[in-house]
Amino acid sequence: MYIVYEAIKSLNFTKEERNALCTFFINYPDKRTEVELILSTYEDEEVVTCLKNLLKSVAQISSFAEINVRMDKQQEFMSKIYQCIMEEKKMVAYSTINKENFNSFLKHINFNLSAVEFTGPLPKNNIEPYKWNDYTENDPNQLEFISQYLNQHFKPNLPKDYVVFNIANHKSFLDITTENSPFSFKIKGGTDYVVVEQKYIDNLIAKAGTQATIELKKQAIAEMVAADFLTNEEIKVIGVLTDLNERWHLFWLKEGKKIMMVKLSHCKKALDIISRIVKMMRVPGLPGGQRIKIYDNSYTQVDDIAPLEDFYEEMSKEYILRHKARKVIDLIRNNPLFSDVFSNSVIK
675 MYIVYEAIKS LNFTKEERNA LCTFFINYPD KRTEVELILS TYEDEEVVTC
725 LKNLLKSVAQ ISSFAEINVR MDKQQEFMSK IYQCIMEEKK MVAYSTINKE
775 NFNSFLKHIN FNLSAVEFTG PLPKNNIEPY KWNDYTENDP NQLEFISQYL
825 NQHFKPNLPK DYVVFNIANH KSFLDITTEN SPFSFKIKGG TDYVVVEQKY
875 IDNLIAKAGT QATIELKKQA IAEMVAADFL TNEEIKVIGV LTDLNERWHL
925 FWLKEGKKIM MVKLSHCKKA LDIISRIVKM MRVPGLPGGQ RIKIYDNSYT
975 QVDDIAPLED FYEEMSKEYI LRHKARKVID LIRNNPLFSD VFSNSVIK
């Protein structure tokens, strides 16, 4: 039997050619047998020609293999893009939350809406409502005028160094894409303005110090809950929905798993109440009760171990976010309404 390896070794081939041929025959032993039968009838010169022609085929096979690898990688890349697109479609924007989304959200956190009436005294003098101009709501000029208006009438009643900060162009300010969040869906977007201490703005962490969200003419409850979930442990966020005229809706979380709502039409009083809530002061004319964070009721056991929150300053932001999310999950898990869901859940 003609031994093809001996021919490759003894005849006039370069080292690269010998390596390529040997590798090919090792990978395709059936081809080696076929070639050996043919070459047994050839002269040495013909063997060289035949094997060099075979080398071209080997090169083509290698090229095809590389093409296949590239195509596989391209297919994988396209699959990832498709997956990202599908994930994007699953996300809900605050500005487009519909009734179904909102009801799903309320069911997920197991909070109820509760409307109250303000029965306190109103100031004799009101402030001038904001005068909307010809600019669109999201026009930079309009946003700046609104910011000036709010700070002019709001800031004097706020704690020292607190401001109304324009974040309308921070489109991802309140994005929450973690699966274990206060929402039953991934949500994206931001709000128009936040009340925050200046030091948080200076250090580029306004989200961590957000005390209140102010939204113009759109969904405000979901944004308030999202901000409360994302902000620092000691802050309880209040939500505001307003047209800056005679429509001021205030929202906050209260013990007993309630989302409280009150409507005001007096600009000055609305700003005064928001300021008092930010300063953690009692508001005469509003029902009492302890304000809470979205996950405050999640842990009920009492022991001598220091709470994990005491060590937040030493932890990474990612770990803190996971811990907060776990508290929300525990809050839902302990509700009988969801017992069947969690008995078969992959969330352990």
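Anchor point for the sequence shown: position 175 equals 849 in my numbering, and the numbering is continuous, going up by one each time.
A virtual CB, placed ideally from N, CA and C, is assigned to each residue, including glycine.
Exercise. By Cβ distance, which residues of its chain are closer than 7 angstroms to residue 620, with the 5 residues on each side in sequence left out?
Worked result: Outside the modelled stretch of the chain, which goes from 675 to 1022, sits residue 620, for which no answer is possible.
For this session: Could you tell me the distance, in whole angstroms, from the CA atom of residue 848 to the CA atom of residue 783?
Result: By one-based count along the sequence shown, residue 848 stands at place 174. By one-based count along the sequence shown, residue 783 stands at place 109. Each residue's alpha carbon lies about 17 angstroms from the other.
For this session: Kindly provide the ranges of any beta strand (DSSP E) runs that are 3 or more residues long and lie completely inside the stretch 931-958, ordered along the chain.
Result: 932-938
Exercise. Can you pull the DSSP bridge partners for residue 889?
Worked result: Here residue 889 refers to the residue found at position 215 of the sequence shown. Looking at the DSSP assignment, residue 889 forms a beta bridge with 915.
Exercise. For residue 825, which residues from the same chain have a beta carbon less than 8 angstroms from its beta carbon, with the 5 sequence-adjacent residues on both sides left out?
Worked result: By one-based count along the sequence shown, residue 825 stands at place 151. The answer, listed in chain order, is 837 and 838.
Exercise. What residues are listed by DSSP as bridge partners for residue 862?
Worked result: In the sequence shown, counting from the first residue as 1, residue 862 sits at position 188. Its beta-bridge partners are 767.
For this session: Please list, in chain order, all residues of the same chain as residue 928 whose beta carbon is under 8 angstroms from its beta carbon, the five residues on each side excluded.
Result: Residue 928 sits at position 254 when you count from the first residue of the sequence shown. Once the five neighbours on either side are set aside, the close Cβ partners of residue 928 are 788, 934, 963, 964, 965 and 966.
For this session: Assuming residue 796 and residue 953 form a contact by the criterion Cβ under 8 angstroms, report the distance between their Cβ atoms to the nearest whole angstrom.
Result: For the purposes of this step, residue 796 is taken as residue 122 along the sequence shown, with counting starting at 1. For the purposes of this step, residue 953 is taken as residue 279 along the sequence shown, with counting starting at 1. In fact, because the Cβ distance is near 20 angstroms, the residues do not count as touching under 8 angstroms.
Problem set entry | Length of the line joining the Cα atoms of residue 820 and residue 911 | Locating residue 820 in the sequence shown gives position 146, where the first residue counts as 1. Locating residue 911 in the sequence shown gives position 237, where the first residue counts as 1. Taking the straight line from one Cα to the other gives about 21 angstroms.
Exercise. Which residue's Cα is closest to the Cα of residue 818: 834, 831 and 841?
Worked result: Here the question's residue 818 lines up with position 144 in the sequence shown. Of 834, 831 and 841, the residue nearest in Cα terms is 841.
For this session: In the DSSP assignment, find the unbroken beta strand (DSSP E) run with residue 923 in it and report its ends.
Result: For the purposes of this step, residue 923 is taken as residue 249 along the sequence shown, with counting starting at 1. Element bounds for residue 923: 922-928.
Exercise. If we count the other Cβ atoms within 10 Å of its Cβ and call it buried at 16 or more, is residue 908 buried or exposed?
Worked result: Here residue 908 refers to the residue found at position 234 of the sequence shown. When all chains shown are included, residue 908 counts as exposed.
Problem set entry | residue 815 - containing alpha helix (DSSP H), residue span | Along the sequence shown, read from residue 1 onward, the residue named residue 815 stands at position 141. Start and end: 814-828.
Exercise. For residue 853, which of helix, strand or coil comes out of DSSP?
Worked result: Counted from its first residue, the sequence shown places residue 853 at position 179. The answer is coil: DSSP assigns residue 853 none of H, G, I, E or B.
For this session: Find out if the Cβ-Cβ distance for the pair residue 885, residue 769 is shorter than 8 angstroms.
Result: The sequence position of residue 885 within the sequence shown is 211, counting from 1. The sequence position of residue 769 within the sequence shown is 95, counting from 1. The answer is no: Cβ separation not under 8 angstroms.
For this session: Assign residue 922 to one of two classes, buried (16 or more other C-beta atoms within 10 Å of its C-beta) or exposed (fewer than that).
Result: Counted from its first residue, the sequence shown places residue 922 at position 248. By the 10 Å Cβ count, residue 922 comes out buried.
Problem set entry | Cα-Cα separation, residue 805 to residue 914 | Residue numbering aside, residue 805 sits at position 131 when the sequence shown is read from its first letter. Residue numbering aside, residue 914 sits at position 240 when the sequence shown is read from its first letter. Rounded to whole angstroms, residue 805 to residue 914 spans 19 angstroms at the Cα level.
Exercise. For residue 897, which three-state DSSP category applies?
Worked result: Within the sequence shown, numbered from 1, the residue matching residue 897 stands at position 223. Correct three-state label for residue 897: helix.
Exercise. So, residue 902 versus residue 861, is the Cβ gap smaller than 8 angstroms?
Worked result: Working through the sequence shown from its first residue, we reach residue 902 at position 228. Working through the sequence shown from its first residue, we reach residue 861 at position 187. Against a cut-off of 8 angstroms, the Cβ pair of residue 861 and residue 902 comes out as no contact.
For this session: Measure the C-alpha to C-alpha separation of residue 941 and residue 947 and round it to an integer number of angstroms.
Result: What you label residue 941 is simply residue 267 of the sequence shown in a count that begins at 1. What you label residue 947 is simply residue 273 of the sequence shown in a count that begins at 1. The straight-line gap from Cα to Cα measures roughly 10 angstroms.
Exercise. With DSSP run on the structure shown, which of helix, strand or coil describes residue 978?
Worked result: Position 304 of the sequence shown holds residue 978. Model confidence at residue 978 stands at a pLDDT of 40, short of 50, so the residue's coordinates are unreliable and nothing is read from them.
Exercise. In whole angstroms, what is the alpha-carbon distance linking residue 887 and residue 771?
Worked result: Walking along the sequence shown from the start, residue 887 turns up at place 213. Walking along the sequence shown from the start, residue 771 turns up at place 97. Straight-line Cα distance between these residues: approximately 17 angstroms.
For this session: Express the C-alpha separation of residue 781 and residue 870 in angstroms, rounding to a whole number.
Result: Looking up residue 870 in the sequence shown gives position 196. Looking up residue 781 in the sequence shown gives position 107. Distance between the alpha carbons of residue 870 and residue 781: 30 angstroms.
Problem set entry | Span of the alpha helix (DSSP H), counted from its first residue to its last, around residue 625 | With the chain covering 675 to 1022 only, the question about residue 625 has no answer from this structure.
Exercise. Applying the criterion that 16 or more other CB atoms from any shown protein chain within 10 Å of the CB defines a buried residue, is residue 916 buried or exposed?
Worked result: Your numbering for residue 916 matches position 242 in the sequence shown. By the 10 Å Cβ count, residue 916 comes out buried.
Exercise. If we ignore side chains and look at the alpha-carbon of each, how far apart do residue 918 and residue 867 end up?
Worked result: The residue given as residue 918 occupies position 244 in the sequence shown. The residue given as residue 867 occupies position 193 in the sequence shown. Going from the Cα of residue 918 to the Cα of residue 867 covers about 12 angstroms.
Problem set entry | Contacts around residue 728, its chain only, beta-carbon distance under 8 angstroms, and the 5 residues preceding and following it disregarded | Reading the sequence shown from its first residue, position 54 is the one you call residue 728. Once the five neighbours on either side are set aside, the close Cβ partners of residue 728 are 695, 698 and 709.
Problem set entry | Whether residue 926 touches residue 951 by CB criterion (8 angstroms) | Here the question's residue 926 lines up with position 252 in the sequence shown. Here the question's residue 951 lines up with position 277 in the sequence shown. Against a cut-off of 8 angstroms, the Cβ pair of residue 951 and residue 926 comes out as a contact.
For this session: Below 6 angstroms CB to CB, which residues in the same chain sit around residue 682 once its five sequence neighbours on both sides are set aside?
Result: Sequence index remark: in the sequence shown, residue 682 carries index 8 (1-based). Correct list, in chain order: 692 and 695.
Exercise. Out of curiosity, what's the CA-to-CA distance linking residue 857 and residue 899?
Worked result: For the purposes of this step, residue 857 is identified with residue 183 of the sequence shown, where counting begins at 1. For the purposes of this step, residue 899 is identified with residue 225 of the sequence shown, where counting begins at 1. Whole-angstrom Cα-Cα distance: 9 angstroms.
Problem set entry | Delimiting residues of the alpha helix (DSSP H) encompassing residue 809 | Here the question's residue 809 lines up with position 135 in the sequence shown. Run containing residue 809: none; DSSP gives neither H nor E here.
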